[in-house]
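Numbering of the sequence shown is given in numbering that gives the first Met the number 0, commencing with residue 0 and proceeding in unit increments.
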Amino acid sequence: MFYSFIIPVYNRPDELGELLATLSKQQNRNFEVVVVEDGSTETAENVVRDFESILDLVYHVQENTGQGFARNAGFNIARGDYFIILDSDCLVPANYLTLVDAAIKERQLDAYGGPDAAHSSFTTVQKAISYAMTSFFTTGGIRGRKAHIGPYHPRSFNMGLSRKVFENIGGFRITRLGEDIDYSIRIIEAGHKTGLIEEAFVYHKRRTDF
Numbered sequence: 000m001f002y003s004f005i006i007p008v009y010n011r012p013d014e015l016g017e018l019l020a021t022l023s024k025q026q027n028r029n030f031e032v033v034v035v036e037d038g039s040t041e042t043a044e045n046v047v048r049d050f051e052s053i054l055d056l057v058y059h060v061q062e063n064t065g066q067g068f069a070r071n072a073g074f075n076i077a078r079g080d081y082f083i084i085l086d087s088d089c090l091v092p093a094n095y096l097t098l099v100d101a102a103i104k105e106r107q108l109d110a111y112g113g114p115d116a117a118h119s120s121f122t123t124v125q126k127a128i129s130y131a132m133t134s135f136f137t138t139g140g141i142r143g144r145k146a147h148i149g150p151y152h153p154r155s156f157n158m159g160l161s162r163k164v165f166e167n168i169g170g171f172r173i174t175r176l177g178e179d180i181d182y183s184i185r186i187i188e189a190g191h192k193t194g195l196i197e198e199a200f201v202y203h204k205r206r207t208d209f
């Protein structure tokens, strides 16, 4: 199966560079990366050029539309059988795609989500924010655990969906504030199988201060 990583970018090209560096170390190399520059004033063009010889990269520049619609632009460009959505402030372990590929094939998942964690290189504040967002006592108890009520609703900082899902229901219809929840609900209502791949986590920086 061929995968397409879809990554909207909003300034902060250094963050994209760190993410691309981790993608360049993936054990499974059967993928492309679609970078959607969504109205940035500080573009990632030079960062993309640095990785063009290392990764199968597509760089698309457009006026700002918001993260949901920027992902839609990536879907329309992508060549993959399966789309993987990541935030640009994530870092991805080297075995990430290997784990995702195995779980999708074994469990026949049309869409999936994965948890997030704090990397050892994160600042103390970043680690604290990560804990606040991923702890069992906060949203982590819903987003990052297998035990939950009803179908699993993937979140778009670490989310994948098959091309057939996109062709069936289209892309995001909300571009900000809850766009991933709306999309997950539509995926499930259309009868597609979703699931959490608990071992396929990403390191998610989020904001750098409170």
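Glycine included, every Cβ here is placed at the ideal spot set by N, Cα and C.
Contact check, residue i vs residue j, beta carbons under 8 Å
{"i": "glutamine 66", "j": "threonine 174", "result": "yes"}
{"i": "histidine 203", "j": "phenylalanine 171", "result": "no"}
{"i": "valine 46", "j": "proline 12", "result": "yes"}
{"i": "phenylalanine 68", "j": "serine 3", "result": "no"}
{"i": "isoleucine 53", "j": "serine 23", "result": "yes"}
{"i": "isoleucine 5", "j": "arginine 70", "result": "yes"}
{"i": "glutamate 178", "j": "leucine 90", "result": "no"}
{"i": "isoleucine 187", "j": "valine 99", "result": "no"}
{"i": "valine 164", "j": "alanine 110", "result": "yes"}
{"i": "glycine 79", "j": "glutamate 31", "result": "yes"}
{"i": "glutamate 51", "j": "threonine 42", "result": "no"}
{"i": "arginine 154", "j": "isoleucine 168", "result": "no"}
{"i": "isoleucine 84", "j": "glycine 159", "result": "yes"}
{"i": "glycine 38", "j": "asparagine 75", "result": "no"}
{"i": "threonine 97", "j": "asparagine 27", "result": "yes"}
{"i": "leucine 210", "j": "alanine 101", "result": "The structure shown does not extend to residue 210, since the chain is modelled only from 0 through 209, so no value can be given for it."}
Three-way DSSP call (helix, strand, coil) for residue i in this model
{"i": "proline 92", "result": "coil"}
{"i": "proline 153", "result": "coil"}
{"i": "isoleucine 196", "result": "coil"}
{"i": "leucine 160", "result": "strand"}
{"i": "aspartate 55", "result": "coil"}
{"i": "phenylalanine 171", "result": "coil"}
{"i": "glutamine 107", "result": "coil"}
{"i": "threonine 42", "result": "coil"}
{"i": "serine 134", "result": "Because the pLDDT at serine 134 is just 45, under 50, the model does not fix this residue reliably, and the point stays unresolved."}
Residues that DSSP places opposite residue i in a beta bridge
{"i": "glutamine 230", "result": "The shown model of the chain, from 0 to 209, leaves out residue 230, and the question about it has no answer."}
{"i": "tyrosine 202", "result": "Leu90, Ala116"}
{"i": "glutamate 31", "result": "Ser3"}
{"i": "valine 47", "result": "None, per the DSSP bridge assignment."}
{"i": "valine 8", "result": "Glu36"}
Extent of the continuous beta strand (DSSP E) run through residue i
{"i": "alanine 110", "result": "110-112"}
{"i": "leucine 85", "result": "81-85"}
Start and end residues, alpha helix (DSSP H) containing residue i
{"i": "isoleucine 187", "result": "178-188"}
{"i": "phenylalanine 1", "result": "Neither: phenylalanine 1 is in no alpha helix (DSSP H) and is coded neither H nor E."}
{"i": "glutamine 25", "result": "No alpha helix (DSSP H) holds glutamine 25; DSSP gives it neither H nor E."}
{"i": "alanine 77", "result": "Premise fails: alanine 77 is in no alpha helix (DSSP H) and is neither H nor E."}
Cβ-based neighbour list, residue i, same chain, cut-off 7 Å, excluding 5 preceding and 5 following
{"i": "threonine 123", "result": "Annotation note: pLDDT 44 at threonine 123 (below 50); position unreliable, coordinate value reported separately. Result list for threonine 123: empty, nothing under 7 Å."}
{"i": "isoleucine 211", "result": "Since the first and last residues shown for the chain are 0 and 209, residue 211 lies out of range."}
{"i": "arginine 106", "result": "Gly194"}
Contacting residues, own chain, Cβ-Cβ under 8 Å from residue i (five flanking each side not counted)
{"i": "phenylalanine 1", "result": "Asn29, Phe30, Glu31, Arg78, Gly79, Asp80, Tyr81"}
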